[in-house]
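Heads up: the structure comes next, in structure tokens.
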Amino acid sequence: MKIRLDSARFEPFRWQETVRLDPAELGLDEGVALTPVEVRGMLSFASPDFLLSARLSYRQSVPCDRCLAPVEEEMETALDLIVVERPRAAGAAAQERDEEEPATVTVTGGVVDLVPFVAEQVQLGLPTHPLCREECAGLCPSCGANWNVGPCACQREPDPRWAALAAWREKSDGRGSDR
Ligand SMILES: [Zn+2]
Ligand SMILES: [Zn+2]
6 MKIRLDSARF
16 EPFRWQETVR
26 LDPAELGLDE
36 GVALTPVEVR
46 GMLSFASPDF
56 LLSARLSYRQ
66 SVPCDRCLAP
76 VEEEMETALD
86 LIVVERPRAA
96 GAAAQERDEE
106 EPATVTVTGG
116 VVDLVPFVAE
126 QVQLGLPTHP
136 LCREECAGLC
146 PSCGANWNVG
156 PCACQREPDP
166 RWAALAAWRE
176 KSDGRGSDR
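For the working numbering, add 5 to where a residue sits in the sequence shown, where the first one is 1.
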């Protein structure tokens, strides 16, 4: 997605485009899925720099941190950049991010490529510990059974709460047989 700065020289330039990002290329975990990102942008000239603002809409699916079930989310995020134009010098077009001002990009050659910024915004939108639901019970570490469905047979060391319940059951059973 390359935007020519000249297209906004006299009046704001608006555009809409779809960006396909490859999750593997972004270094995302296997199991992360993304729909193409719908970008609606506007570039305006605020002499001497340009202001670029865009809205990104897409859908993401990430595996639950505990049970690996897909957690889907409808995403709607904003991207704002200050584009500083550097006079065209000999050599290839380039763009450079300001390390201290991450929202500022300096471009040479009159063209700004938005794809790296879209990719970054998408990465920022991914949850670090997604959960299918707050109380997700997760998978059994030994047999892989989904504890959301029910407890598995291989739990050798029962949860202390289960032990307490079992003790209580034994006691109440004992009381029952007394009668
Ligand atoms: Zn889960
Ligand atoms: Zn198990």
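For every residue, glycine included, the Cβ atom is placed at its ideal position computed from N, Cα and C.
Following a CB-centred definition, is Cys157 positioned closer than 6 Å to any heavy atom of ligand 1? Mapped onto the sequence shown, residue 157 falls at position 152. It does not: the Cβ of Cys157 is nowhere closer than 6 Å to a heavy atom of ligand 1.
Who pairs with Leu20 in a beta bridge, going by DSSP? Position 15 of the sequence shown holds residue 20. Looking at the sequence provided, one finds Trp at residue 20 rather than Leu. DSSP lists Gly46 as partners of Trp20.
Using the Cα positions of Pro41 and Cys159, report the straight-line distance between them to the nearest angstrom. For the purposes of this step, residue 41 is taken as the residue at position 36 of the sequence shown. For the purposes of this step, residue 159 is taken as the residue at position 154 of the sequence shown. Going from the Cα of Pro41 to the Cα of Cys159 covers about 42 Å.
Could you check if Ala124 belongs to the surroundings of ligand 2, using beta carbon to heavy atom distance under 6 Å? Working through the sequence shown from its first residue, we reach residue 124 at position 119. Ala124: no, Cβ never under 6 Å from ligand 2.
So Asp70 and His134 are supposed to be a Cβ contact under 8 Å. How far apart are they, rounded? In the sequence shown, the residue the question calls residue 70 occupies position 65. In the sequence shown, the residue the question calls residue 134 occupies position 129. The beta carbons of Asp70 and His134 sit about 5 Å from each other, so the pair counts as a contact at 8 Å.
Cβ distance (whole Å) where Leu57 is taken to contact Val88 below 8 Å: For the purposes of this step, residue 57 is taken as the residue at position 52 of the sequence shown. For the purposes of this step, residue 88 is taken as the residue at position 83 of the sequence shown. Contact holds; Cβ gap of about 5 Å.
If you drop the 5 nearest sequence neighbours on each side, which residues of the same chain put their C-beta closer than 8 Å to that of Asp54? Start at 1 with the first residue of the sequence shown, and residue 54 comes out as number 49. Contacts found: Ile87, Val88, Val89 and Glu90.
Which of helix, strand or coil does DSSP assign to Asp34? As a first step, residue 34 is located in the sequence shown; it is residue number 29 there, counting from the start. Looking at Asp34 - three-state DSSP - the assignment turns out to be coil, as it is neither helix nor strand.
Quick check: does the Cβ of Ala142 come within less than 6 Å of any heavy atom belonging to ligand 2? Taking the first residue of the sequence shown as 1, we reach residue 142 at position 137. Relative to ligand 2, even the nearest heavy atom lies 6 Å or more away from the CB of Ala142.
Excluding five sequence neighbours on each side, which residues of the same chain lie with their C-beta closer than 7 Å to the C-beta of Leu39? For the purposes of this step, residue 39 is taken as residue 34 along the sequence shown, with counting starting at 1. Cβ within range, chain order: Leu26, Pro28, Tyr63, Gln65 and Val127.
Kindly identify the DSSP beta-bridge partner or partners of Asp85. Position 80 of the sequence shown, counting from 1, holds the residue named residue 85. DSSP output for Asp85 lists Ser58 as bridge partner(s).
If you measure from the CB of Ser147, is any heavy atom of ligand 2 nearer than 6 Å? Translated into positions along the sequence shown, residue 147 becomes position 142. For Ser147, the shortest separation between its Cβ and any heavy atom of ligand 2 lies below 6 Å.
For Val154, three-class secondary structure by DSSP: Counted from its first residue, the sequence shown places residue 154 at position 149. Annotated three-state conformation of Val154 is coil, per DSSP.
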